[in-house]
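Participant: Quick one: the structure is below, and I'll ask about it shortly.
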Amino acid sequence: MLHRDQMMKILIDTNRYLDLYESDEDTEDILGDMLKFTDHLIFPDIILDEFLRNRTRILDRRIKQVADTEVPPIRWPFFLRRYPGVSTLQQKAEEYNQAVSSVVADLEKVASDIENDPIYRFLLRIYRDPGVMVLHRTDELIERAHRRKLIGNPPKSEATSTIGDELIWETVLESLNDDLILITRDYTYRNHAAFLVTEYRERTGKVLTITEYISVALERMRIPPGEALLRFEGRMGSNTG
């Protein structure tokens, strides 16, 4: 197990940041755990682009889910309108629909203006942390990512016309000379782990670990992960030692 002072880098993939939009846990608690290893964290700048592209899709889906809960108008026959329960139902349905409209309006503000988005502000706080190593793309790295995609070597972006995963990986290979923990739910990394571990070792002489859990990185540094993070990752109650 690694000590905190040993050289190791941590990369959190875009999908794990996007998962925060679905979290039942307090993002400030999760952020507190992430800030414990900012001196080890690397952040390819393409991740910020991927996040901004995908947040709109996630928020639009959530807006539709909320809007679809609106109670449709009910036609009440005249003979039923004399009953007090009908009037109560009509009033409650109207109040409920007003609340739905209010929530939809709030979500639309979040979707249209990133300054109103607490999850984006959360990500930006990490990106701007002075301890975080931001890796910038270059034309040469983009060309390498194109070649990787044409050859067919992993990681492979799902879309045939994009090279996000390829660019992240080429940026990592160019920039690092340390053991790396890659935190991702993306199957292109997990399904090709043997290939990527071998390539990373050959290029850097170091060890690559692929996991979907942020808490694993904390444990590798002997930092106990918080309960909010463990619940967020679905590891609460499991043996995390």
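For the sequence shown, UniProt numbering assigns the number 1 to the initial residue and increments by one for each residue that follows.
Built from N, CA and C at the ideal position, the CB exists for glycine as well.
1) CB L167 to CB I74, shorter than 8 Å?
2) Quick check on the DSSP output: what are the complete alpha helix (DSSP H) runs of length 4 or more inside the region 100-164, in order along the chain?
3) Report the CB separation of D29 from G234 in whole angstroms; it is logged as a contact under 8 Å.
4) Which same chain residues, not among the five before or five after H136, have their C-beta less than 6 Å away from its C-beta?
5) Let me check understanding here. Comparing Cα to Cα, which of F195, T14, K36, W76 lies closest to E50?
6) Excluding sequence positions up to five away, which residues of its chain have a Cβ less than 8 Å from the Cβ of G241?
7) Output the distance between the C-alpha atoms of R4 and M221, rounded to the nearest integer angstrom.
8) Taking all protein chains shown into account, do 16 or more other C-beta atoms lie within 10 angstroms of the C-beta of L80, making it buried, or fewer, making it exposed?
9) The alpha helix (DSSP H) spanning T27 covers which residue range?
10) What did DSSP end up calling T184 once you bin it into helix, strand or coil?
Facilitator: Reading it off the structure:
1) On the sequence shown, position 167 is the one that residue 167 refers to. On the sequence shown, position 74 is the one that residue 74 refers to. Between L167 and I74, the C-beta spacing is not below 8 Å.
2) If one requires a minimum length of 4 residues, the alpha helix (DSSP H) runs lying completely within the region 100-164 are 118-127, 139-151, in chain order.
3) Sequence index remark: in the sequence shown, residue 29 carries index 29 (1-based). Sequence index remark: in the sequence shown, residue 234 carries index 234 (1-based). In this structure, D29 and G234 do not form a Cβ contact; the two beta carbons are roughly 16 Å apart against a cut-off of 8 Å.
4) Walking along the sequence shown from the start, residue 136 turns up at place 136. Correct list, in chain order: D45.
5) By one-based count along the sequence shown, residue 50 stands at place 50. Of the candidates F195, T14, K36, W76, the one whose C-alpha sits nearest the C-alpha of E50 is T14.
6) To locate residue 241, count along the sequence shown from 1; it is residue 241. Only weak support is given to the placement of G241: the predicted model assigns it a pLDDT of 47, under 50, and the question is left unresolved by the model.
7) Taking the sequence shown and counting its residues from 1, the one referred to as residue 4 is at position 4. Taking the sequence shown and counting its residues from 1, the one referred to as residue 221 is at position 221. Unreliable positioning characterises R4 in this predicted model, as indicated by a pLDDT of 41, which lies under 50. A coordinate reading is not provided.
8) The residue labelled residue 80 in the question sits at position 80 within the sequence shown. With fewer than 16 Cβ atoms within 10 Å of its Cβ, L80 is classed as exposed.
9) Counting from 1 along the sequence shown, the entry for residue 27 is found at position 27. Start and end: 27-34.
10) To locate residue 184, count along the sequence shown from 1; it is residue 184. T184 falls in the coil class under three-state DSSP.
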